[in-house]
Amino acid sequence: MLALKVKIKLNYQHNLLNHMLKQIFGGLVITAFILGAGVAIAQTALVASIDAPADGANLTVDQVTTFRASATGGQAPYAFGWNFGDSTNAAGDTFNKAFTSTGAKTVTLTVVDFAGTQVTDTITINVVDGEADPLTISNISVTDITKTSAVIHWTTNRAATSRVIYDTVSHPDISGASTPNYGYANSTGTSDTSPKVTEHAVSVTGLTADTQYYFRVISEE
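So the sequence shown is numbered by the working numbering: it starts at 414 and just counts up by one.
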């Protein structure tokens, strides 16, 4: 009779605990383990995530890209496996990968937790020839003009350094010209190295009054 009373009490506590967990966690509760007479561990669903690169990212052939993954829920520790959609595979939550052919690639991440539960996440990336998103310069303008100085402004589509090369002689074609000044007689120092910027402003000083100057702006990542 004593054993029966204890059994009824534990069953009552078990049902009460399940009711409380449902009220607190709703549909997230997968399993509740009863420890002793009233301690429980709530386990959430295992979720796999490809954190980088972004879905739909454009990459170039032979561009080394870091693929990063994470997992939540389930039972740690986790095992990570990659299928890059080009007949290559890898293991680990981080892997550096370069594609050797163009086209759309479906990248699949598989995560297995300690309990053997397996889930996946998938992204599609586009691999193209050449630079997928080249650094570009736009909106070049000149302000604050004095007899001996001027400020040159421009915009880049990504953060980069700032430099201006200039001369009293025009250089319409710099194909084949050698670095760093590409045939121009003068150059400012390189600025905006840390941090790099997208909105550039470089002051050119020491100019000669009543003299025409030609310039180019240079930005590097």
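Ideal Cβ positions, reconstructed from N, Cα and C, are used throughout, including at glycine.
Query: With DSSP as the reference, identify every bridge partner of R629, one or two as the case may be.; Result: I578
Query: Would D464 and A492 be called neighbours here (beta carbons separated by less than 9 Å)?; Result: no
Query: Does the Cβ-Cβ distance between P371 and I536 come in under 9 Å?; Result: For residue 371 there is no data in the structure shown, the boundaries of the chain being 414 and 634.
Query: Taking three-plus beta-carbon pairs below 8 Å as touching, is the stretch 551-567 in contact with the stretch 481-497?; Result: no
Query: For F480, name the three-state secondary structure that DSSP assigns.; Result: strand
Query: Please tell me whether, using a cut-off of 8 Å, the distance from the CB of V540 to the nearest non-hydrogen atom of the ligand ZN is below it.; Result: With respect to the ligand ZN, the structure offers nothing, as it holds no ligand at all.
Query: If we call anything under 9 Å between Cβ atoms a contact, is T473 one with V541?; Result: yes
Query: Measure the Cβ-Cβ separation of T533 and T519 and say whether it is below 9 Å.; Result: no
Query: Measure the Cβ-Cβ separation of S575 and D605 and say whether it is below 9 Å.; Result: yes
Query: So, for N599: in the same chain, excluding its five sequence neighbours on each side, which residues have a beta-carbon less than 8 Å away from its beta-carbon?; Result: I578, Y579, D580
Query: Compare the C-alpha of N539 against each of K510, G529, G516, F480 and name the closest.; Result: G516
Query: Looking only at its chain, what residues have a beta carbon closer than 8 Å to the beta carbon of K609, apart from the 5 residues adjacent to it on each side?; Result: A572, A573, T574, E634
Query: If I'm right that N502 touches N496 with Cβ under 8 Å, what's the distance once you round it to whole angstroms?; Result: 5 Å
Query: Which parts of the stretch 518-591 are runs of the beta strand (DSSP E), unbroken and 3 residues or longer, counting only runs that do not cross its ends?; Result: 531-541, 550-556, 563-573, 576-580
Query: Report buried or exposed for Y597, applying the criterion of at least 16 other Cβ atoms within 10 angstroms of its Cβ.; Result: buried
Query: Where does Q393 land, buried or exposed, given buried means 16+ other C-beta within 10 angstroms?; Result: Absent from the structure is residue 393, since the part of the chain shown begins at 414 and ends at 634.
Query: Under the DSSP definition of a beta bridge, which residues are partnered with T507?; Result: R481
Query: On the DSSP bridge list, what partners appear for L472?; Result: V540
Query: With a cut-off of 8 Å on the beta carbons, I'd call A482 and A511 a contact; round off their distance for me.; Result: The pair is not a contact, with the Cβ atoms about 18 Å apart (cut-off 8 Å).
Query: For L417, I'd like the list of residues in its chain whose CB is within less than 6 Å of its CB, leaving aside the five on either flank, ordered along the chain.; Result: Reliability fails at L417, whose pLDDT of 34 lies under 50, so the model's placement of it is uncertain and the value that follows must be treated cautiously. Hits under 6 Å: none found.
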